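**Student:** In our numbering, the protein residues as written are 8 to 179.
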Amino acid sequence: VWLGAALVQLGGPHWAWGDDCLKDGFALARLSKSPRVMAWASVPYGFAYHLPKGRYDAASRITEKGRALAISHGYHSIALHLELDLGLILFFQKHFSDVRGLLQASGTSNQDFNLLCLTTLKGLLLLEDGQGAKALKVFHSIGARDIPPQIAPWNHCHITSCLLLEGQVDAA
Numbered sequence: 008v009w010l011g012a013a014l015v016q017l018g019g020p021h022w023a024w025g026d027d028c029l030k031d032g033f034a035l036a037r038l039s040k041s042p043r044v045m046a047w048a049s050v051p052y053g054f055a056y057h058l059p060k061g062r063y064d065a066a067s068r069i070t071e072k073g074r075a076l077a078i079s080h081g082y083h084s085i086a087l088h089l090e091l092d093l094g095l096i097l098f099f100q101k102h103f104s105d106v107r108g109l110l111q112a113s114g115t116s117n118q119d120f121n122l123l124c125l126t127t128l129k130g131l132l133l134l135e136d137g138q139g140a141k142a143l144k145v146f147h148s149i150g151a152r153d154i155p156p157q158i159a160p161w162n163h164c165h166i167t168s169c170l171l172l173e174g175q176v177d178a179a
């Protein structure tokens, strides 16, 4: 499944092979009957297979099922990863109230990468609502030492967007 996700990300001539790996890998995960394997396989199958094709309902359904499975078996890190993916899928669908509900249920903090991403998603929702000052507080709550390289440029971009939204052009 993860090989398929990597190949899909490469795109071009690798896309079809990646699709096949994702489908076959997810089918094998289900055959395994292992809750951990099935939950982990839901991550790339929902996000890397269905989402890029615009199959938002399938992506949401698979991701939510994997998340529920992970939660019910105490696989915290898998559940967090699936929460992040689900939040992004719902955001792309413009189901902002569902994203808010997911964030409220998750109790975001700055403890690990996935929660940093969920915190970023919370800030994006506030930006989408035109609440630049509140969004700015969320993005500033992500301490500089806590920001992994994957998020730092985006966090700075979001802070700039907040400042511009609030009319603070010189600060941006």
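For each residue, glycine too, the CB sits at the ideal point set by N, CA and C. Quick caveat, the model's predicted, so the values are computed rather than measured.
1) What residues in its chain sit with their C-beta under 8 Å from that of residue 115, if we drop five residues either side in the sequence?
2) Which term fits residue 11, buried or exposed, when burial requires 16 or more other beta carbons within 10 angstroms of its beta carbon?
3) For residue 39, which residues of its own chain have a beta-carbon under 8 Å away from its beta-carbon, when the five flanking residues on both sides are left out?
4) May I have the straight-line CA-CA distance separating residue 72 from residue 135, to the nearest angstrom?
5) According to DSSP, is residue 60 part of a helix, a strand, or is it coil?
6) So residue 32 is in the alpha helix (DSSP H); what residue range does that whole segment cover?
7) Going by other Cβ atoms of all chains shown within 10 Å of its Cβ, with 16 needed for buried, is residue 163 buried or exposed?
8) Applying the 10 Å Cβ sphere with the 16-neighbour rule, what's the burial state of residue 174?
9) Look at the Cβ atom of residue 131, then the Cβ atom of residue 166, and state whether they are nearer than 8 Å.
10) Please go through the same chain and pick out, in chain order, the residues whose beta-carbon is closer than 8 Å to the beta-carbon of residue 110, but skip the five residues on each side of it.
11) Spatial neighbours of residue 74 within its chain, please: C-beta separation below 7 Å, excluding the five flanking residues on both sides.
12) Less than 8 Å between the C-beta atoms of residue 52 and residue 33, yes or no?
13) Just tell me which of 29, 43, 149 has its CA closest to the CA of residue 84.
14) Is it buried or exposed, residue 171, if we count other Cβ atoms within 10 angstroms and call 16 or more buried?
**Tutor:** Concretely, from the data shown:
1) On the sequence shown, position 108 is the one that residue 115 refers to. Interpretation of residue 115 is limited by its pLDDT of 45, a score under 50 that renders its predicted location unreliable; the figure taken from the coordinates is listed afterwards. If we look at residue 115 and ignore the five residues flanking it on each side, its Cβ neighbours are 122, 125, 126, 129.
2) Translated into positions along the sequence shown, residue 11 becomes position 4. With 16 or more Cβ atoms within 10 Å of its Cβ, residue 11 is classed as buried.
3) One-based indexing of the sequence shown puts residue 39 at position 32. Once the five neighbours on either side are set aside, the close Cβ partners of residue 39 are 45.
4) What you label residue 72 is simply residue 65 of the sequence shown in a count that begins at 1. What you label residue 135 is simply residue 128 of the sequence shown in a count that begins at 1. C-alpha separation (whole angstroms): 27 Å.
5) In the sequence shown, counting from the first residue as 1, residue 60 sits at position 53. Note: residue 60 maps to helix in three-state DSSP.
6) Taking the first residue of the sequence shown as position 1, residue 32 is located at position 25. Counting along the chain, the alpha helix (DSSP H) containing residue 32 begins and ends at 22-39.
7) Mapped onto the sequence shown, residue 163 falls at position 156. It counts as exposed.
8) Start at 1 with the first residue of the sequence shown, and residue 174 comes out as number 167. Exposed, since its Cβ has fewer than 16 Cβ neighbours within 10 Å.
9) By one-based count along the sequence shown, residue 131 stands at place 124. By one-based count along the sequence shown, residue 166 stands at place 159. Cβ distance not < 8 Å, so residue 131 and residue 166 don't count as in contact.
10) By one-based count along the sequence shown, residue 110 stands at place 103. Same-chain partners within the cutoff: 94, 125, 128, 129, 132.
11) Your numbering for residue 74 matches position 67 in the sequence shown. Only 86, 89, 90, 93 meet the Cβ criterion.
12) For the purposes of this step, residue 52 is taken as the residue at position 45 of the sequence shown. For the purposes of this step, residue 33 is taken as the residue at position 26 of the sequence shown. It is a contact, given that the beta carbons lie within the stated cut-off.
13) For the purposes of this step, residue 84 is taken as the residue at position 77 of the sequence shown. Nearest option by C-alpha distance: 43.
14) Sequence index remark: in the sequence shown, residue 171 carries index 164 (1-based). Exposed, because fewer than 16 other Cβ atoms sit within 10 Å of the Cβ of residue 171.
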